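Student: Residue numbers for the first sequence follow UniProt numbering, beginning at 1 and rising by one.
Have a look at the structure that comes next, please.
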Amino acid sequence: MGRPPCCDKGGVKKGPWTPEEDLMLVSYIQEHGPGNWRAVPSNTGLMRCSKSCRLRWTNYLRPGIKRGSFTEQEEKLIIHLQALLGNRWAAIASYLPERTDNDIKNYWNTHLKKKLTKAQDGTERASNHHRSMIKGQWERRLQTDIHTAKQALRDALSLDEEKPLPNGDLHPNLFKPNHAPSSSTNNVVYASSTENISRLLQGWMRSKPDKARACSDSGSSQGSVRCESVSSGEEGKPLSWLETWLFEESTGQDQEMTLDGLQLPLDYPTEFL
DNA sequence: AATCCTTTCAACCGCCGTTCA
DNA sequence: GTGAACGGCGGTTGAAAGGAT
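Quick look at the structure:
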């Protein structure tokens with residue numbers, strides 16, 4: 001028997017949030033900043049538990065969230081990152097700063113998993129050599145996958161670099177005002193209610209960049225790859241082990257990768273090996 | 001037009017790691 | 001050193017919307 005859930009108290013409202021509740025939460029965060037979620041319900045008068053408030057903020061109200069269909073590039077990136085990191089949605093989401101981990105998780109479960117299963121079925125039917133693949137072939141295939149994943153990540157990161165932020169944020173898209181969807185993502189739709197509320201916060205985000213900066217908005221301590229950063233030495237700009245790994249390879253040291261001799265950063269999590 | 005089935009996604013639940021008294 | 005409180009994460013659920021019959 002664990003500790004009782006935080007929302008066990010009576011009188012705690014559940015279910016969909018109303019615009020009025022959203023406004024109450026946003027006004028509070030606008031004034032006090034995200035964090036100290038425990039105090040939010042009592043200070044705002046919201047009949048919601050702290051977890052619910054945090055979730056509503058991080059998954060829906062937080063400025064810079066892109067809603068609507070995923071682009072092909074995002075889709076590919078998610079597939080590659082999932083192959084690399086597994087179901088660590090928060091870590092994956094840190095590479096798609098405009099998407100929430102919940103969104104990515106939902107998209108994976110509803111679209112990508114099916115897509116991949118279908119594709120896998122097709123290839124499995126076509127030939128049985130999948131199973132009888134000798135070790136060397138399997139390794140080569142894995143190497144190719146890793147290489148492809150790294151390439152996709154590099155592409156994504158270099159895209160980000162095209163739009164540098166004055167304050168040197170890791171991901172320039174982070175907290176990008178969402179009034180101007182990128183021209184390359186025509187199918188992007190911003191939820192109007194979220195957008196309206198988010199606009200309320202834009203001034204605040206600009207005036208409190210430190211508070212607003214995210215290792216996810218409130219500073220994830222475990223899941224986020226981005227938070228496990230190492231110093232690159234470039235103006236003190238921190239890089240995650242993954243980014244370091246990518247950039248090291250892209251600086252001309254494209255040595256042949258083998259599983260045995262794979263050159264990984266010192267802080268590469270051993271769980272991925 | 002009515003009913004049933006499927007899909008989507010916001011929200012909840014329970015667990016885990018971290019922090020702090 | 002210990003235990004409670006808190007924040008964060010991933011898995012799961014269920015209501016709503018959309019599509020098929």
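Note that the Cβ used here is the ideal one computed from N, Cα and C, for glycine as well.
If you're wondering where the values come from, they're calculated on a predicted model, not measured in any experiment.
Name the two residues that bound the continuous alpha helix (DSSP H) containing Ile104.
Tutor: 101-107 is the extent of the alpha helix (DSSP H) around Ile104.
Student: According to the Cβ coordinates, are Leu61 and Val26 closer than 8 Å?
Tutor: Yes, the pair counts as a contact, with Cβ atoms nearer than the cut-off.
Student: Going by DSSP, what residue range makes up the alpha helix (DSSP H) through Glu31?
Tutor: Run containing Glu31: 19-32, per the alpha helix (DSSP H) assignment.
Student: Please return the same chain residues whose Cβ sits closer than 6 Å to the Cβ of Asp101, not counting the five positions on each side in sequence.
Tutor: So the list reads Trp89, Ala90, Ala93, once near-sequence residues are dropped.
Student: Going along the chain, which residues of its own chain have a beta-carbon closer than 6 Å to the beta-carbon of Arg54, five neighbours each way excluded?
Tutor: Closer than 6 Å at Cβ, skipping near neighbours: Trp37.
Student: To the nearest angstrom, how far is the alpha carbon of Leu77 from that of Asn87?
Tutor: So the two alpha carbons sit approximately 14 Å from each other.
Student: List the endpoints of the continuous alpha helix (DSSP H) containing Val12.
Tutor: Here Val12 belongs to no alpha helix (DSSP H), and DSSP marks it neither H nor E.
Student: Pull up the distance between the alpha-carbon of Glu31 and that of Lys118, whole angstroms please.
Tutor: If you take the alpha carbons of Glu31 and Lys118, they lie about 49 Å apart.
Student: Under 8 Å between the Cβ atoms of Tyr28 and Val40?
Tutor: Yes. Within cutoff.
Student: Skipping 5 residues on each side, what residues in its chain have a beta carbon closer than 6 Å to that of Lys113?
Tutor: Cβ within range, chain order: n/a, list empty.
Student: Note down, in chain order, each residue of its chain lying with its Cβ closer than 7 Å to the Cβ of Asn59, except the 5 sequence neighbours on either side.
Tutor: Result list for Asn59: Thr100, Asn102, in chain order.
Student: Along the chain, where does the alpha helix (DSSP H) containing Pro41 start, and where does it finish?
Tutor: 39-44 is the extent of the alpha helix (DSSP H) around Pro41.
Student: Buried or exposed: Glu20, going by 16 or more other Cβ atoms within 10 Å of its Cβ?
Tutor: Burial call: exposed.
Student: Near Glu74, which residues of its chain fall below 8 Å by C-beta distance, leaving aside the five closest residues on each side in sequence?
Tutor: If we look at Glu74 and ignore the five residues flanking it on each side, its Cβ neighbours are Leu96, Arg99.
Student: Give me the residue from Pro63, Leu23, Trp108 with the minimum Cα distance to Ala83.
Tutor: Minimum Cα distance to Ala83 is reached at Trp108.
Student: Where does Lys66 land, buried or exposed, given buried means 16+ other C-beta within 10 angstroms?
Tutor: Label assigned to Lys66: buried.
Student: Nearest to Thr18 by alpha carbon, out of Ser52, Pro34, Glu72?
Tutor: Per the Cα distances, Ser52.
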